[in-house]
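Only one structure is covered here, and it is reproduced in the block below.
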Amino acid sequence: MVNSILNQDASTTSNLLDTEMKNRIGVLTDIKKREVAQDIFGKKEKEVNQDGTRE
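As numbered in the working numbering, the sequence shown has no gaps in its residue numbers, which increase by one up to the final residue, 57.
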């Protein structure tokens, strides 16, 4: 019984950690994409209009 509860806690904790890591990796990936785009185009993301033209 105790082992079952401990295993559930460990599994829940592992799932939470996986989710948190995925979220953080996603944020870092988005930041890196912006940095690469700035390097390539020399413009900040917000300076690109919805239709793809630049101000």
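All C-beta atoms in this analysis are idealised placements derived from N, C-alpha and C, irrespective of residue type, glycine included.
All values derive from a computational prediction rather than experimental measurement.
For residue i, three-class secondary structure by DSSP
| i | result |
| --- | --- |
| residue 53 | coil |
| residue 28 | helix |
Residue i at chain B interface by Cβ criterion, 9 angstroms
| i | result |
| --- | --- |
| residue 5 | This model lacks chain B altogether; it includes just one protein chain. |
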